[in-house]
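Note sheet for the following structure.
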């Protein structure tokens, strides 16, 4: 097990503890977490694609945003975003309303059903994660928590490019 000791303990204690080795371990963990996330979402009361879930979460985070902002946020084209919203509205998860000041702009809102579905998915994901964490030893959970806090702090201070350079 990697010793995630406190700040300042940056020296690798073995060949499996250098930044590259830990990065590979994290990549494996992220893939496992993504699979756990996906399975939990598929067990929800309404099965939605990851793209549909992202769209709903984006609208949840910015109620009333317009279609162009949604397309930009999801990094998809406007026609694709429009069809996505059509499907979500047909399922009763999303509502489109005209902007009160600009009739050409359509605002997007979650319906109460959409909010319930997102709550269901979030609850299932949290439960799946809690189950996995419960199988860990308390010291491992504590080390993971410290390591994640350290990672987030480091990420906030260093903004590397895609290739790892600054």
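Numbering (the numbering used here), first residue to last: 30 to 195.
Where is the CB? At the ideal position from N, CA and C, for every residue including glycine.
Local Cβ density within 10 Å of residue i, reported as buried at 16 or more and exposed below that
| i | result |
| --- | --- |
| residue 143 | buried |
| residue 30 | Per-residue confidence for residue 30 stands at a pLDDT of 41, beneath the threshold of 50, marking its modelled position as unreliable; no derived number is given. |
| residue 117 | buried |
| residue 77 | buried |
| residue 183 | exposed |
| residue 110 | buried |
| residue 178 | exposed |
| residue 155 | exposed |
| residue 73 | buried |
| residue 187 | exposed |
Within 8 Å, strictly: CB atoms of residue i and residue j
| i | j | result |
| --- | --- | --- |
| residue 146 | residue 62 | no |
| residue 89 | residue 139 | yes |
| residue 87 | residue 113 | no |
| residue 150 | residue 99 | no |
| residue 70 | residue 153 | yes |
| residue 107 | residue 97 | yes |
| residue 181 | residue 170 | no |
| residue 79 | residue 67 | yes |
Presumed contact (8 Å Cβ cut-off) between residue i and residue j, rounded CB distance
| i | j | result |
| --- | --- | --- |
| residue 95 | residue 136 | 6 Å |
Same chain, Cβ closer than 6 Å to residue i, neighbours up to 5 away in sequence not counted
| i | result |
| --- | --- |
| residue 65 | 157 |
| residue 126 | 136 |
| residue 115 | none |
Residue range of the beta strand (DSSP E) that includes residue i
| i | result |
| --- | --- |
| residue 124 | 123–127 |
| residue 135 | 135–139 |
First and last residue of the uninterrupted alpha helix (DSSP H) at residue i
| i | result |
| --- | --- |
| residue 65 | 48–71 |
| residue 88 | 79–90 |
| residue 176 | 167–186 |
| residue 102 | 96–103 |
| residue 109 | 107–119 |
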